[in-house]
Amino acid sequence: MAELLERLEAEIDDSVDDLFDLTAEERAVVEDYLKVF
């Protein structure tokens with residue numbers, strides 16, 4: 071179950087990044103920011 075949730079979360083993350091047309095650099099900034107929380 072945990073593996074499924076991780077995969078779904080990754081798919082959602084990718085979809086959101088694509089929706090906002092984020093570059094690889096912008097994606098890295100967002101990921102680093104979210105690690106704080």
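With the working numbering as the guide, the letters of the sequence shown map in order to residues 71 to 107. For each residue, glycine too, the CB sits at the ideal point set by N, CA and C. All values derive from a computational prediction rather than experimental measurement.
Length of the line joining the Cα atoms of residue i and residue j
| i | j | result |
| --- | --- | --- |
| LYS105 | GLU96 | 14 Å |
| ASP91 | MET71 | 30 Å |
| ALA70 | LEU75 | Lying before the first or after the last residue shown, residue 70 is absent from the chain, which here runs from 71 to 107. |
Other residues of its chain near residue i: CB distance less than 6 Å, five sequence neighbours each side excluded
| i | result |
| --- | --- |
| ASP87 | ARG97 |
| VAL99 | none |
8 Å CB neighbourhood of residue i in its chain, flanking five on each side removed
| i | result |
| --- | --- |
| GLU79 | none |
| ASP102 | none |
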